[in-house]
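Novice: Going by this note's numbering, the first residue of the sequence shown is number 1, and it counts up by one from there. Glycine included, C-beta positions come from ideal geometry on N, C-alpha and C. Please see the structure below; I have some questions.
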Amino acid sequence: MKYIIALDQGTTSSRALLINEVGKLIDVKQKEFKQIFPKQGWVEHDPIEILNTQLEVFEELISTISLSDIISIGITNQRETTVIWDKETGKPLYNAIVWQDKRTSGICDQMKKDGLESYTRENTGLVIDSYFSATKIKWIIENVEGVKTKINENKVLFGTIDTWLIYNMTSFKNHVTDYTNASRTMIYNIKNLEWDDKLCDYLKIPKSILPEVINSSSDFGNFNYNGFEIPIHGVAGDQQAALFGQSCFEDGMVKNTYGTGCFLLMNTGKNFKLSENGLITTLACTFDDKVNYALEGSVFIAGAAIQWLRDSLKVIGKASETEKIAQSIEKLHDIYVVPAFAGLGAPYWDMYSRGAIFGLTRDTGVDHIIKATLESLAYQTKDIIDVMEKDSGIKLKSLKVDGGACMNNYLMQFQSDLLDCEVLRPEIIETTAMGAGYLAGLQSNIWDKDQIIKNQKIDRSFNPTINDSEREKMYRGWKKAVNRTFNWIEK
Ligand code: ADP
């Protein structure tokens, strides 16, 4: 048997997954690493620890197989996290600044004041935010001693985590990234597929430090390991890897990851489309001669609302208990929980909204509130999907799901009812790592697209069971509830 190895470099852990040549997941190894919080709102990782944990799990994983049986490696990674290092020594010049880090909010405000909002949206597909790499790169250049001097000596390189890993794994030979990761930097022009002159000039980011950008399924160089040269044949940022791993290859296909928050991506095909409702446009995995675009939206509080039931209200012991509780009571009538704990994102964008429960009557009990909280994940998902359909002009074909909360059968059935479409839960919910593995396997010519689709075994499909008028009434109630939370706290 031959194998593909997927390296999944996430925000809290590094993982390595062994996939055999018929696409079966065989084994997983995982190691957590340190989260560094130097100040309020700052989040860093040690790039060396990231590299070491990633290589350690790789070694553990392959201990039972022969190196010559490894066909290739695929990498998927936490997106936007920024590393700057010395080209010659390979030493990081600062810790990795993580996507969650807010230290550059001021630079973003200044960009907005300087009138760069619409240019940035129209050319990078993104809303100006500290989340993306651009302002993190600028911060390191301007605040870390010696970086500017080294840049003048042409000794500095920037990379997202994929690029950092590849540079090290190829013994400093290859400085590359793929389209999906480049599209999260906020300096990559996703229309003409080049590093953007205007934004690089404005932020004073020299192009000499930026990696080459190539297809997600291509030759990223060889990992020199114990005398073997193992090709790296696939790279994609985590959410795009999941979209690919769910084989959302056609226009209008959507995946939703139900984790702490929800991450929705819709493949919109070869056409660049901007959202009118605050979604972002990003590059999806590319494996032929034209890039694929996607619309992306997220729900801030999804599984986190279930954690709230468990940790703050203490009305459940485990997240999974919500399924039985929701199934054990009758359909809710006009009861809604709006978990706007941190304001509302797309499509409402109201930072002053706060959470609320609506429709209480004398006989409302804790179980009703638990059920309504669970249903809020589905309502928030519908809010985003409606906008995606409007923005793209494409009707949702089916919703592919993954993430911890997709194991909740009540939630998935309710989601299908609410969207009036099929909801598909795969057998292997490791879709992110599988996506990276598939990208590598495609380039190594062991699979083609059709085989990847065939390999997608469905654990369960959920189909709508309610009629239009019931569905519309439920959703009208949700909208009314959301509207009543607007502007709750004073500005
Ligand atoms: P993340 O990757 O964001 O940490 P996971 O994909 O591991 O998230 O999913 C965990 C989240 O999903 C938690 O917020 C948890 O409350 C929620 N969750 C997990 N299992 C269930 C379930 N069976 N029903 C509802 N929510 C669940």
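1. Helix, strand or coil, according to DSSP, for G234 in the structure here?
2. Are V315 and I370 touching if we call contact CB-CB under 9 Å?
3. Run the proximity test for N189: is its beta-carbon closer than 8 Å to any non-hydrogen atom belonging to ligand 1?
4. Name the one or two DSSP bridge partners that F341 has.
5. Using a Cβ-based criterion (distance less than 8 Å to any ligand heavy atom), does S323 qualify as near ligand 1?
6. Hey, which unbroken runs of the beta strand (DSSP E) at 3 residues or more fall wholly within the segment 182 to 232?
7. Name the DSSP bridge partner or partners of R121?
8. Cβ atoms of A372 and A236: under 9 Å apart, would you say?
9. What does DSSP give as the partner residues of V83 in its beta bridges?
10. State the start and end residues of the unbroken alpha helix (DSSP H) segment that holds V315.
11. So, under 8 Å CB-CB, V127 and I280 are touching, yes? Tell me the CB distance rounded to an integer number of Å.
12. Under 6 Å Cβ to Cβ from I325, same chain only, skipping five residues before and after it: list those, please.
13. Which one of T432, I335 and G234 has the shortest CA to CA distance from R362?
14. Quick one: is D383 buried, meaning 16 or more other Cβ sit within 10 Å of its Cβ, or exposed?
15. Determine the extent of the beta strand (DSSP E) in which E32 is found, giving its start and end residues.
16. Once the 5 residues before and after L374 are set aside, which same chain residues still bring their CB inside 6 Å of it?
17. Classify F132 as helix, strand or coil using the three-state DSSP reduction.
18. Just checking: is the beta-carbon of I48 within a distance shorter than 9 Å of some beta-carbon in chain D?
19. Among the candidates S133, C200 and L295, whose CA atom is the shortest distance from the CA of G159?
20. Let's test the definition: count the other Cβ atoms within 10 Å of the Cβ of A481 and tell me whether it reaches 16, buried, or not, exposed.
21. Evaluate the contact criterion for the segment 193 to 209 versus the segment 221 to 229: three or more CB pairs, one atom per stretch, below 8 Å.
22. Is Q307 near ligand 1, going by C-beta to nearest heavy atom under 8 Å?
23. Rounded to whole angstroms, how far is the Cβ of S376 from the Cβ of N487, which I believe are closer than 8 Å?
24. For the candidate residues W308, S328, Q78 and G365, whose alpha-carbon lies nearest to that of A340?
25. For E142, name the three-state secondary structure that DSSP assigns.
26. Decide if the segment 86 to 104 is in contact with the segment 249 to 262; the criterion is three or more beta carbon pairs, one per stretch, under 8 Å apart.
27. With a CB to CB cut of under 8 Å and the five nearest residues on each side skipped, what residues in its chain are close to K138?
28. I'd like to confirm something about M434: is its beta-carbon nearer than 8 Å to some heavy atom of ligand 1, or not?
29. Identify whether V98 lies in helix, strand or coil by the three-state DSSP scheme.
30. Pop quiz: L238 and G441 are said to be a contact at Cβ under 8 Å. What is the actual Cβ separation, rounded to whole angstroms?
31. Quick one: is S208 buried, meaning 16 or more other Cβ sit within 10 Å of its Cβ, or exposed?
32. Can you tell me whether H175 is buried or exposed? The criterion is at least 16 other CB atoms within 10 Å of its CB, across all chains shown.
33. With a threshold of 6 Å on Cβ separation, who are the neighbours of E21 within its own chain once the five nearest residues in sequence on each side are excluded?
34. Tell me the DSSP secondary structure of T485 in three-state form.
35. Could you have a look at G359 and say whether DSSP puts it in helix, strand or coil?
36. Between the beta-carbon of T465 and the beta-carbon of D417, is there less than 9 Å?
Specialist: So, from the data block:
1. strand
2. yes
3. no
4. Its beta-bridge partners are G343.
5. Note that residue 323 corresponds to Glu in the displayed sequence, not to Ser. The answer is yes for E323.
6. 212 to 214 and 222 to 225
7. Bridge partners of R121: none, in fact.
8. Result no, Cβ atoms of A236 and A372 do not sit closer than 9 Å.
9. Per DSSP, G159.
10. Where V315 is concerned, there is no enclosing alpha helix (DSSP H), because DSSP gives it neither an H nor an E.
11. 6 Å between Cβ atoms; contact.
12. Contacts found: D367 and I370.
13. I335
14. So D383 counts as buried.
15. L25 to E32
16. T322, A326 and L411
17. coil
18. Protein chains in the displayed structure number just one, and chain D is not present.
19. S133
20. buried
21. no
22. yes
23. The Cβ separation is near 20 Å, so there is no contact.
24. W308
25. E142 falls in the helix class under three-state DSSP.
26. Touching, no.
27. T104, I107, L203, K204 and I205
28. no
29. Annotated three-state conformation of V98 is coil, per DSSP.
30. Note on identity: in this sequence residue 238 is Asp, with Leu being the wrong assignment. Incorrect: roughly 18 Å between the Cβ atoms, too far for contact.
31. exposed
32. buried
33. K2 and I446
34. helix
35. Of the three classes helix, strand and coil, the one that applies to G359 here is coil, per DSSP.
36. The criterion of a C-beta distance shorter than 9 Å is satisfied by T465 and D417.
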